[in-house]
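Remarks on the structure that follows.
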Amino acid sequence: MSKSPRYIQIREFINAKISSNVWPVGSKIPTEMALTEQFGVSRMTVNKAIRDLVTAGLLKRTARVGTFVCQNKMESPLIDIRNIADEIRQRGKQYSSKVLTQLTLHADPQTAIRLGVPIDTPIYFSEIVHLEDNSPLQLEVRWVNPSFVPDYIKQDFSHSTPNEYLTKNCPLSSIEHTVEAVMVNERIQEYLHLSTNQPCLLLNRRTWSKQDLISVALLYHPADKYKLSLKTNL
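Going by the UniProt record's numbering, the sequence shown opens with residue 1, and the numbers climb by one from there.
Right, here's the structure in full:
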């Protein structure tokens, strides 16, 4: 029996249903009353679990209608998950990288929700700056579930990329992308050689292999150096 608080157990139960696509995008989850009866807890406890997932962007509440799964998962055949090293080389430029961090952490509440694991679960964490002709093009901040790629932490990412390694070792089946323009802190500005008021293009990516959530990555790019495109068949 899990020793974590009941609201966390309920939150992880819901998150697992979403991650495994048992409750697909757009589906209505059970009511608070139904979950209260299922778990034998107060409605306040269920409400707290759902609020956390709403805040994380996985659920959306509609007044007098219900609570719905709202993550926007896209299947990999419609997305070209390109290796940034290959992108740079294909442009005739020189690729290099600088590994800032590569270690094992214990999942905090926010990371646990993102990666679909219990709080305090050991996870892998890496931060890498990817450079084009020695100019920073991307800061990659990535969390990885060690259960599926236990040797991730042993890799030398100064000679390969996490994208390349994960693609080879965990054939990807689906992906979730969120793209937004953001202002970043001084640390990220320093890594990407940005001025104080220069915006970033942030790509928030989660990737699955079969029904398993493998990795969550935040990919920061100088807005004046990078663009994303998507081509689909209609």
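For every residue, glycine included, the Cβ atom is placed at its ideal position computed from N, Cα and C.
Treat the numbers as computed from the prediction; the structure is a model and nothing was measured.
With a cutoff of 8 Å on beta-carbon distance, Trp208 and Ser174 are scored as near each other. Rounded to whole angstroms, Leu131 and Glu140 show a C-alpha spacing of 11 Å. Ile128: member of the beta strand (DSSP E) spanning 122 to 132, first to last residue. Taking 8 Å as the cut-off, the Cβ atoms of Ile8 and Ile119 count as close. Straight-line measurement puts the Cα of Ile88 at about 23 Å from the Cα of Ser195.
Taking a contact as a CB-CB distance under 8 Å, the pair Leu59 and Val46 does not count as one, their CB atoms being some 12 Å apart. Secondary structure of Val141 (DSSP, three-state): strand. DSSP lists Leu131 as the bridge partner or partners of Ser96. Looking at the DSSP output, Trp208 sits in a beta bridge with Ser174, Leu213. Residue nearest to Thr167 within the set Phe125, Tyr152, Trp23, Glu180 is Tyr152 (criterion: CA-CA distance). Residue burial annotation: Asp133 is exposed, with fewer than 16 other C-beta atoms found within 10 angstroms of its C-beta. Val54 and Gln110 have their C-alpha atoms spaced approximately 12 Å apart.
About 5 Å separates the CB atoms of Val69 and Ser27; that is less than 8 Å, so the two are in contact. A Cβ-Cβ contact shorter than 8 Å links Phe125 with Leu103. When DSSP states are grouped into helix, strand and coil, Leu58 belongs to the coil group. Separation of the CB atoms of Ile128 and Lys98 is rounded to 7 Å, and the pair is thereby assigned contact status at 8 Å.
Ranked by Cα distance from Pro136, the options Pro222, Trp23, Val25 are led by Pro222. Gln138 is the residue among Gln138, Pro30, Ala49, His106 whose C-alpha sits nearest the C-alpha of Leu201. Buried is the label assigned to Pro162, since at least 16 other Cβ atoms lie within 10 Å of its Cβ.
For Phe68, the uninterrupted beta strand (DSSP E) run begins and ends at 66 to 69, by DSSP. About 12 Å separates the beta carbon of Tyr220 from that of Val179, a gap too long to meet the 8 Å contact definition.
The C-beta distance from His177 to Leu203 rounds to 7 Å, short enough to fall under 8 Å.
One Cα belongs to Val182, the other to Lys225, and the distance between them is close to 15 Å.
The C-beta of Val65 has fewer than 16 other C-beta atoms within 10 Å across all chains shown, which makes the residue exposed.
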